[in-house]
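Asks: Could you have a look at this structure, given as structure tokens, before my questions?
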Amino acid sequence: MKVIFSANTSWYLYNFRKNTIKRFIELGHEVHIIAPDDAYTNKLIDLGVRKHHLFLHSNSLNPLQDMVTILHLLYLYITIKPDVVYNFTPKINIYGAFVSYLLPSLRVVNNIAGLGTAFVDDGLKKKILHFLYKFSQKRADIVFFQNEEDMLLFTKSNLVKKEKSRRILGSGVNLEAFNTTRMTKEKDIKFILVARLIEQKGVKLYAEAARIIREKYPTAEFALLGPILDSNPSAIHRDEISKWVDAGLLNYLGHSDNVASVLAEYDCVVLPSFYREGVPKSLLEAAACGKIVITTNNIGCKDAVIDGITGFLCEPKSLEALVNALEKVIQMNPESFIKMKKSARCLAMNKFDENIIIDEYLATIKN
Numbered sequence: 013m014k015v016i017f018s019a020n021t022s023w024y025l026y027n028f029r030k031n032t033i034k035r036f037i038e039l040g041h042e043v044h045i046i047a048p049d050d051a052y053t054n055k056l057i058d059l060g061v062r063k064h065h066l067f068l069h070s071n072s073l074n075p076l077q078d079m080v081t082i083l084h085l086l087y088l089y090i091t092i093k094p095d096v097v098y099n100f101t102p103k104i105n106i107y108g109a110f111v112s113y114l115l116p117s118l119r120v121v122n123n124i125a126g127l128g129t130a131f132v133d134d135g136l137k138k139k140i141l142h143f144l145y146k147f148s149q150k151r152a153d154i155v156f157f158q159n160e161e162d163m164l165l166f167t168k169s170n171l172v173k174k175e176k177s178r179r180i181l182g183s184g185v186n187l188e189a190f191n192t193t194r195m196t197k198e199k200d201i202k203f204i205l206v207a208r209l210i211e212q213k214g215v216k217l218y219a220e221a222a223r224i225i226r227e228k229y230p231t232a233e234f235a236l237l238g239p240i241l242d243s244n245p246s247a248i249h250r251d252e253i254s255k256w257v258d259a260g261l262l263n264y265l266g267h268s269d270n271v272a273s274v275l276a277e278y279d280c281v282v283l284p285s286f287y288r289e290g291v292p293k294s295l296l297e298a299a300a301c302g303k304i305v306i307t308t309n310n311i312g313c314k315d316a317v318i319d320g321i322t323g324f325l326c327e328p329k330s331l332e333a334l335v336n337a338l339e340k341v342i343q344m345n346p347e348s349f350i351k352m353k354k355s356a357r358c359l360a361m362n363k364f365d366e367n368i369i370i371d372e373y374l375a376t377i378k379n
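If you're matching positions, the sequence shown starts at 13 in my numbering and goes up one per residue.
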């Protein structure tokens with residue numbers, strides 16, 4: 013079949029859906045990518061896709077710019093004539109479905125990967141999004157949700173019909189690329205936060221916890237890995253990160269396309285996120301590498317860890333709870349430490365294998 017994968021960045025599709033795209037191509041489907049061009053465009057083309065640039069400003073609230081995006085999507089759909097379109101990221105989920113009303117034979121599969129802060133506050137933004145989702149998602153044939161809470165919210169609010177809803181655990185993880193490393197307990201326990209560096213990921217809380225832990229356990233090490241998003245209003249600024257580095261609280265490792273090689277040097281992945289996640293890919297990758305996971309008892313995050321077995325859950329925005337969890341890891345005896353890491357890998361093998369997710373997407377064509 014002729015299929016489209018569409019998102020708000022080429023980076024997203026390459027990093028989160030690369031192996032899904034490869035499997036579709038291997039099975040003989042003609043894959044088109046619709047996304048704004050960026051540094052990952054050529055990497056997608058190298059996979060064997062046909063790439064189409066999309067005019068899109070993902071953070072813009074300008075209705076004129078969004079109307080241009082909708083018209084551009086319509087033009088691309090008419091030109092490509094796809095059988096199925098797979099939409100990812102909020103604006104594409106909404107606008108791709110809008111456009112599809114004019115193409116009744118097109119099969120539409122959407123993916124709701126977390127709701128961020130949009131559905132937390134009862135403001136005008138939430139009401140607008142509620143209306144847009146309700147109208148657009150009626151056109152979708154299937155909507156994948158990454159956590160139970162989001163699926164229940166959408167079905168109970170009549171945004172999506174229950175029979176169209178499917179539950180998957182994030183985007184999955186490549187168990188061959190992400191394998192167990194640094195399984196024994198060393199003298200220097202090493203923690204790392206892997207995420208886009210925005211405030212809602214709990215980055216500031218992590219830095220403060222690092223300060224407290226290092227005062228008590230000087231050999232403990234902390235690191236940050238992820239891009240700085242200067243255009244995002246919630247971005248952690250470079251000068252703030254520099255202050256943490258200069259104070260000796262943590263190391264900033266920048267951004268990497270080879271996360272597995274970075275994780276090989278660490279024991280524990282920390283994500284004190286306090287907004288509505290899907291299921292964070294960084295935590296799935298951490299489990300696959302046999303890393304202890306510390307994250308919040310929050311929507312999406314809690315699905316990536318079994319508390320006390322593969323890691324520890326703590327209350328969102330609680331510095332005390334985060335410090336206690338970090339201290340638990342440091343104080344574990346070597347046998348329990350290794351056992352927890354092995355349990356994390358087992359969890360990844362049983363639940364997070366990306367082949368499970370890919371098969372779910374392939375089933376949308378078979379059916």
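Note that the Cβ used here is the ideal one computed from N, Cα and C, for glycine as well.
1) If we count the other Cβ atoms within 10 Å of its Cβ and call it buried at 16 or more, is TYR448 buried or exposed?
2) Alpha carbons only, please: which of VAL172, ALA247, PHE234 and LEU283 is nearest the one belonging to GLU277?
3) Which first and last residues belong to the alpha helix (DSSP H) in which ILE92 is found?
4) Give me the Cβ distance between ASP365 and GLY214, rounded to the nearest whole Å; I'm assuming they're in contact under 8 Å.
5) Just tell me which of PRO102, ASN31 and ALA19 has its CA closest to the CA of HIS142.
6) Shortest alpha-carbon distance to GLY266 belongs to which of SER254, GLY260 and ALA259?
7) Here's a check: name, in chain order, each residue in its chain whose Cβ is nearer than 7 Å to the Cβ of HIS84, leaving out the five neighbours to either side.
8) Within the continuous alpha helix (DSSP H) that includes GLU233, where are the two ends?
9) Runs of 4 residues minimum, wholly inside the segment 307–377: which ones carry the alpha helix (DSSP H) assignment?
10) For LEU157, which three-state DSSP category applies?
11) Counting beta carbon pairs with one atom in the segment 291–305 and one in the segment 188–202, are three or more of them shorter than 8 Å?
12) Is the beta carbon of LEU59 less than 8 Å from the beta carbon of LYS14?
13) Roughly how many angstroms separate the alpha carbons of VAL335 and ILE224, rounded to a whole number?
14) If you draw a straight line from the C-alpha of SER294 to the C-alpha of ILE154, how long is it?
15) Whole angstroms are fine: how far does the CA of LEU171 sit from the CA of ALA375?
16) In the DSSP output, which residue or residues are listed as bridge partners for ARG119?
17) So what does DSSP say about LYS199, is it helix, strand or coil?
18) Taking 8 Å as the CB-CB limit, is TYR145 close to chain C?
19) Going by DSSP, what residues sit across from ALA247 in a beta bridge?
20) Where does HIS69 sit, in a helix, a strand or coil, going by DSSP?
21) Assuming ILE16 and TYR145 are in contact, meaning their beta carbons sit under 8 Å apart, how far apart are those beta carbons, in whole angstroms?
Replies: Taking the coordinates as given:
1) The question about residue 448 has no answer here: the residues shown for the chain are numbered 13 through 379.
2) Out of VAL172, ALA247, PHE234 and LEU283, PHE234 has the C-alpha closest to the C-alpha of GLU277.
3) In the DSSP assignment, ILE92 falls within the unbroken alpha helix (DSSP H) covering 75–92.
4) Not confirmed; about 27 Å, so no contact.
5) Closest in alpha carbon position to HIS142, among PRO102, ASN31 and ALA19, is PRO102.
6) Of SER254, GLY260 and ALA259, the residue nearest in Cα terms is SER254.
7) Here the set comprises LEU66 and PHE67.
8) Not the alpha helix (DSSP H): GLU233 falls in the beta strand (DSSP E), residues 233–237.
9) 331–343 and 346–359, all fully within the segment 307–377.
10) Correcting the residue type first, residue 157 is Phe in the shown sequence and not Leu. PHE157 falls in the strand class under three-state DSSP.
11) Yes, they touch.
12) In this structure, LYS14 does not lie closer than 8 Å to LEU59 by Cβ.
13) Between VAL335 and ILE224, the C-alpha separation is close to 8 Å.
14) Each residue's Cα considered, the two are about 26 Å apart.
15) Rounded to whole angstroms, ALA375 to LEU171 spans 23 Å at the Cα level.
16) Beta-bridge partners of ARG119 (DSSP): VAL96.
17) Correct three-state label for LYS199: coil.
18) Note that chain C does not occur in the displayed structure, where there is just one protein chain.
19) ILE210, per the DSSP bridge assignment.
20) HIS69: coil per DSSP, three-state reduction.
21) A Cβ-Cβ separation of about 20 Å leaves ILE16 out of contact with TYR145 under the 8 Å criterion.
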